[in-house]
Amino acid sequence: GFLLSDIDMISILGAVIAGIFICGDFDNKTINDAISNGSSRATVIVSKAIVFCFAIAFILLPYAIATGIALSTGCNFSMGALSVGFLHLLTSDAGTAFSASEILKLLAVMLTLMIVYASQLSVSVLLAFVLKKPVLVVAIYYGLTILCAQLMALRGSSTMFDRIFACTPFGGNYTFVTLSSGTGDILKAISVSLVFMIVMLAAAYCAFRKSEIK
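For the sequence shown, the numbering used here begins at 45 and goes up steadily by one.
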């Protein structure tokens, strides 16, 4: 039940958390007070991003645990050809007999998926610092996820498009990593996601630095 449409639920919950956690702190002057007390804007952004990532990991933990338990049963599951993330992992690796090394790789794959999701949701952190309105953050971010889902259908139509899209956590095959994925693929998913997250935080800093704190 609750595993269905995991990416939609995570997108909505993540954007809501960013909206409430960051925009709310603008409304109640918590961020203003932190700046007034000598905290740099970079420090504020990084601290918010760290807490936000932990919150996303907490949301994703039940999905990871449920996926691990389901896979350990050895049963076969079919979540559809369009499943992504943990659903795709559950579909692709169902029925696998796990050895110690495969359990470690499964943990690595799950951690990778968490990093990819957190990187995707870092866009909502940027939106929160720019817009300061929770409703706008949720609406725009969810619209972006729908757009990116449509753009994935264009993969293979242009080499240039594929290269550019693969530089974001929304592109490539980063939400499709499984136990069959090579170490290089997993490392690429992590590195692209971390670099993208840094870029989003840098953009948030640039926008926040130019904004007035009243």
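Yeah, the Cβ is synthetic: ideal placement off N, Cα and C, and Gly gets one too.
Closest by C-alpha distance to residue i, when choosing among the options
i    : options                : result
I66  : V243, C97, I159, S237  : C97
S225 : F205, H132, A247       : H132
V88  : Q164, I190, A59, F70   : F70
K254 : A86, A78, I54          : A86
A193 : N76, S91, V128         : V128
K232 : N217, L245, M241, V243 : N217
G112 : M241, T212, A210, L155 : L155
V243 : G63, F220, C211        : C211
F209 : L195, Y161, T219, V221 : L195
S55  : A197, L191, V221       : L191
F134 : R207, K176, Y161, F220 : Looking at the sequence shown, residue 134 is not Phe but Leu. Nearest option by C-alpha distance: F220.
Nearest-angstrom Cβ-Cβ length linking residue i and residue j, presumed shorter than 8 angstroms
i    : j    : result
A251 : V174 : 5 angstroms
A59  : S168 : 5 angstroms
Length of the line joining the Cα atoms of residue i and residue j
i    : j    : result
T74  : T227 : 42 angstroms
P178 : S237 : 24 angstroms
R199 : V95  : 34 angstroms
S202 : G215 : 13 angstroms
S235 : Q164 : 13 angstroms
A172 : M204 : 31 angstroms
A78  : L115 : 46 angstroms
Y249 : F130 : 32 angstroms
Same chain, Cβ closer than 8 angstroms to residue i, neighbours up to 5 away in sequence not counted
i    : result
M158 : I100, A101, L104, A108
Cβ shell of residue i (< 6 angstroms), same chain only, five flanking positions each side left out
i    : result
I61  : A99
G187 : none
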